[in-house]
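Protein chains in written order, with UniProt numbering: chain A, 1 to 646; chain B, 1 to 418. Heads up, the beta-carbon is just placed ideally off N, CA and C, and yes, glycines get one too.
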Amino acid sequence: MRKLLLPGIVIVAGILIIARLFFLQIIDDTFKLKSENISIKIKYDYPERGYIYDRNGELMVANQPSYDIMVVPREIKKIDTVEFCTLLNITKEDFVKKIEKAVVYSPMLPSVFLGQLNKLEYAAFQEKERKFEGFYIQKRSLRDYQLNAGANVFGFITQANEAIVAKNPYYKSGDLLGKQGVEETYEVELRGTKGVKHIQRNRFNQEIGPYKEGKYDTIALQGKDITLTIDAELQKYGEALMKNKRGGIIAIEPSTGEILCLVTAPSYDPAILVGRQRSRNYTKLYNDSLAKPLYDRSLLAEYPPGSPFKILTALAGLQSQVIDTSSSFVCNRGFSYGRGRFMGCHCGGGVRKLHMGIAKSCNAYFGNTYLRTINKYTNTAEGVDAWSAHLKSFGMGQFMGYDLPTGRRGKIPTSETYKKMYPNGGWRATATVSNSIGQGEVLMTPIQLANMMAIVANEGYYYTPHIIKKIKGQNIDVKFRTKHVTTIDKKYFKPVIEGLAEVFKTGTAYFLKVDGMEICGKTGTADNFARVNGKQVMLKPHSVFVAFAPKKNPKIAIAVLVENGGYGSTVAGPITTLMLEKYINKKVLMKDREKRVLETSLQGEYNRFSKKYLDSMYRVKVRKDSILRVINAKKLDSIKKIKPTT
Amino acid sequence: MKNQSVSSNIDWITVAIYTVLVVIGWMNIYSADMTTNSEYYLDFNQNYGKQLIFICLNVVLIIVILTIDSKFYEKFSSVIFGASLVLLLGLFVFGKTIAGQRCWYAIGSMTLQPSEFAKAATALALAKYLSDSQVNLKNIKHQILALLIIALPILLILPQPDPGSALIFIMFILVLNREGLPSWYLWTGFIAAILFVMTLVIKPQYVILIAFIGIALHYLKSRRINRNIIASTIVLVLMSGFVFSVDYVFENVFKQHHRDRFNILLGKDVDMDGIGYNTNQSEIAIGSGGWIGKGFLEGTQTKGNFVPEQHTDYIFTTVGEEWGFVGSLVLVLLFVGLILRVLYLAENQKTKFSRVYGYGVAAVLFTHFFVNISMVVGIFPTIGVPLPFMSYGGSSLWGFTILLFIFIKMDANKVNEW
């Protein structure tokens, strides 16, 4: 037995090892895969990002080459430090410091030694690059903005962080990608496809050569140039007009749904988010919680639309056949509804028909129209839902499907909304009458307002607003070429358009006439409350103006909103007409008006109300919060009450 | 008869396997060296170049060993053993520290590792002691003395610290077992090892429960009269004590890197970039070999230098990657064949001295082979021992050559014994 023990052990051990080898080498092929992953490093070749042009072919965003000197500390051989430093115009201390920093990052991996050389420095260094082993030049391409405008349109370029890498395997940590604006929406088209090179490397990341003679390598595909529907001149002009104001301008070509300009104010120079200062500047913009320059008001700001909403009230009334052009209501500087409730009106009073009701923006006329529309149905809920359905056919209360990455739904109440607000029931049309004049539960974003005007200009249909005009080598999305028809018959638009034209003749914007141009528009003044120390305080209202022009064969529909700008005709109105002039006539004749707008600054107003203003921006939210706070406080109280007894 | 030429009695099978292993070893060291843009000419500054020099010197060494009278080893075994102990002791004063281990002598640019030579010396000493006709391993005093011969080098090697080499010496117990050491030594060691691993894998309480069930079953099954409940209880108590002390030692005495080595093997914490890197990389390299491997000098992992210490302890990864399962199988069979051959020859020795020595040779070779390859293929914790005849390094190559060829000489000389 003793003789056989060791031979036995040897044989068993041999079998054990062979079995393990069989498992490792034959059965389990995860190791084979891992082997491919580790020894073959993938190197990417980044293509140049596509250019961005405006609708007239003007180049808006290009690229600039940028050269970084990279260093792999481990590979540094004896170099002439004096020559090196002189060449790059750095001190020897700098040199030592930078090398130390690179070593801390990794002695074996490349890190940026000196970022963003200019072309001269690059040329000088390139000539002698071979003398400095361990250093090499990495070419990158950065955005080069041709105009100081459109930051919100373009978005910016950022580096992929871990969350992005985890979500999309195309991106590797540190890759550049577009964020916000068209850079985000058309990221795939703009970025192209990076090329892949498989390079065999050893454990120290030293390259040994191409893997299998480059059998698996792919070539980088150039990013595609895109053409936007934006008119660069109009965009620039709009941003200039909005200087020292807060708000947004959005213009749409009614016949196509193309967005002509998308202005938000305040904004920033897109060039500040390029290169070395990007991170610092972005943080600054991000932290500006009062002006919120990164917040695209033209898309994101939900406001009670105010009087422009009366256009919809009128259309819904006409379609429901509760009014016609000859229906008249008496305005007693307002009107009474329900049990002694009264809605005021500034139109001057008298008997109002549709035409002058629009022109003078008569609250009484539209309040009555709204009540009739709803009360056409014996069941109020049904009435509200029928009304709501008309509005939804205008793209209200929903994401419109445009090709920009941000947006808000806005809000159009339905019977459900009121059932929630009045859980015990018993609500009537009169409870919702504020909706008629664009207050109440209605919220709209500027782009929805502009689209509304495009629909009116088209007399009943629209194309989904979009910002892409052309992508080199491919068609734009079919959804932007699909006509959406509203529930309002074409014939009902005619009288409304006449009323909108009257606004510039004898109505609320008569003093904003532009010679030689027939404009259809509507002023708006959105009341605006803030909660200050728990009390509801009325702030200076938002100034709203919507329009399209010319009346015959409209070329542009526009919505302008200026926060705390006062009456619609004071700030938003002039901006609108100037924009129309700029776009249709290519030049502005109303120089006085232009000068006045340019000189108008609401900064004082914003500073005065900065706290209140902040609250008003979040009026809806604040209400919800305060309710929550009350509930929580009650809960806390009840807890406190219990505690002492225990 | 007495003057018959040595060559005619040499066991050529052993020598052939030895030669093949040395050649394979050198080829793989060459491949492991051919990594980053190496040029394909002989470079004596590279490992493979140096190893070639070691191999040439090896031939001289073999001739010398075969020339010396085989009686010399028996007569001077105590002196050789004493000298090797002195060399090990001298490390504490003159030793050179490489990678935290103080187990080398520096002679010029060369380094020598005395523990590699101590193996042959210990085998000789053990053979000498056990071949004494007065010695009987049933006798407790003789057991202790025999164990002491093994323990002395271990005590000198452990603090270097070199647990790998120390482990090799422990396996001399197999030799003692062959020569009549009571079996319970081995069984105790075996059960202790199993309990040790089980304690690390599952909770100590469960290990004791399993042990209890095992002993209870054994107790009930044995129908003999001597159902010794007291003995069974003592065994259980001892086992519990052992299990808890293992648990305690592992958690409190072991350093984190020791724990890590075991944990990786037991699949507890898998940290592929940290401590598990070596094993993981070697498994990847071997696993990527497939059936027939990637071919000589074609291993991407080998070329990429991913496996650390690939030319020394991890030389087998090159075989696995470039020669695949077939090549690995051949190599394993060569080793198993060599060890079995040595055992076979040992059993056929005429003197107890050469039999014990031959057994010692087999035990040392086997332990190295098994511990090394098990570590490389990931079934044993990372313990640095070289693969005999193949790993890069003069000391280990010469150490194993001396060990093996002394036995070949004895074997060749057995016709002269009576």
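- In the three-state reduction of the DSSP assignment, residue 376(B) falls in the helix class, which pools H, G and I.
- No Cβ of chain B is located within less than 9 Å of the beta carbon of residue 134(A).
- Between residue 77(B) and residue 127(B), the C-beta gap is smaller than 9 Å, which places the two residues in contact.
- Not a single C-beta of chain B is nearer than 9 Å to the C-beta of residue 143(A).
- One Cα belongs to residue 600(A), the other to residue 240(A), and the distance between them is close to 11 Å.
- Beta-bridge pairing by DSSP links residue 253(A) to 258(A).
- Considering only 408(B), 233(B), 283(B), the residue with the shortest C-alpha distance to residue 28(A) is 283(B).
- DSSP places residue 103(B) in the uninterrupted beta strand (DSSP E) bounded by 101–107.
- Under the DSSP assignment, residue 23(A) falls outside any alpha helix (DSSP H); it carries neither an H nor an E label.
- In this structure residue 591(A) is exposed. Its beta-carbon is surrounded by fewer than 16 other beta-carbon atoms within 10 angstroms.
- With fewer than 16 other Cβ atoms inside 10 Å of its own Cβ, residue 603(A) counts as exposed.
- 174, 175, 177, 178: these are the residues of the stretch 144–178 of chain B whose beta carbon lies less than 9 Å from some beta carbon of chain A, given in chain order.
- Residues of chain A whose Cβ lies closer than 9 Å to the Cβ of residue 329(B) are, in chain order, 18, 21, 22.
- When Cβ-Cβ separations below 9 Å define contact, residue 185(B) makes no contact with chain A.
- The beta carbon of residue 317(A) sits closer than 7 Å to those of 323, 369, 372, 373, all from its chain and outside the five residues before and after it, given in chain order.
- With the rule of 3 Cβ pairs closer than 8 Å, the stretch 548–555 of chain A does not count as touching the stretch 322–342 of chain A.
- When DSSP reads this structure, residue 172(B) sits in no beta bridge, so it has no partner.
- Residue contact check for residue 130(A) against chain B: no CB pair falls below 9 Å.
- In the three-state DSSP reduction, residue 144(A) falls in the strand class (E or B).
- Residue 320(A) and residue 486(A) have their C-alpha atoms spaced approximately 14 Å apart.
- DSSP lists 521(A), 558(A) as the beta-bridge partner residues of residue 547(A).
- Between the C-alpha atoms of residue 461(A) and residue 154(A) there is a straight-line separation of about 28 Å.
- Beta-bridge partners of residue 444(A) (DSSP): 303(A).
- Taking C-beta separations shorter than 7 Å and ignoring five residues to either side along the sequence, the partners of residue 465(A) in its chain run 252, 257, 259, 400, 402, 447, 451, following chain order.
- Across the structure, residue 404(B) and residue 96(A) are spaced so that their CA atoms are roughly 56 Å apart.
- The beta carbon of residue 26(B) does not come within 9 Å of any beta carbon belonging to chain A, so the residue lies off that interface.
- Sorting 268(A), 476(A), 354(A) by C-alpha distance to the C-alpha of residue 314(A) places 354(A) at the top.
- Within the stretch 324–348 of chain B, the residues whose Cβ lies closer than 7 Å to any Cβ of chain A are, in chain order, 324, 325, 328, 329, 332, 336, 339, 340, 343, 347.
- DSSP assignment within the stretch 316–341 of chain A yields the following whole beta strand (DSSP E) runs of 3 residues or more, N-terminal first: 329–331, 334–337.
- Excluding the 5 residues flanking it on each side, residue 242(A) has same chain C-beta neighbours closer than 6 Å at 263, 265, in chain order.
- Here residue 542(A) carries a strand assignment [DSSP, helix/strand/coil].
- Among the residues of chain B, none has a CB under 7 Å from the CB of residue 407(A); the nearest is roughly 43 Å distant.
- Comparing alpha carbon positions, the residue from 597(A), 607(A), 25(A), 582(A) closest to residue 294(B) is 25(A).
- With its beta carbon at least 9 Å from every one in chain A, residue 407(B) lies outside the interface.
- Apart from the 5 residues on each side of it in sequence, residue 141(A) sits with its Cβ closer than 8 Å to the Cβ of 46, 48, 49, 63, 64, 65, 66 in its chain, given in chain order.
- Across the set 354(B), 312(B), 139(B), 406(B), the C-alpha of 312(B) shows the shortest separation from the C-alpha of residue 388(B).
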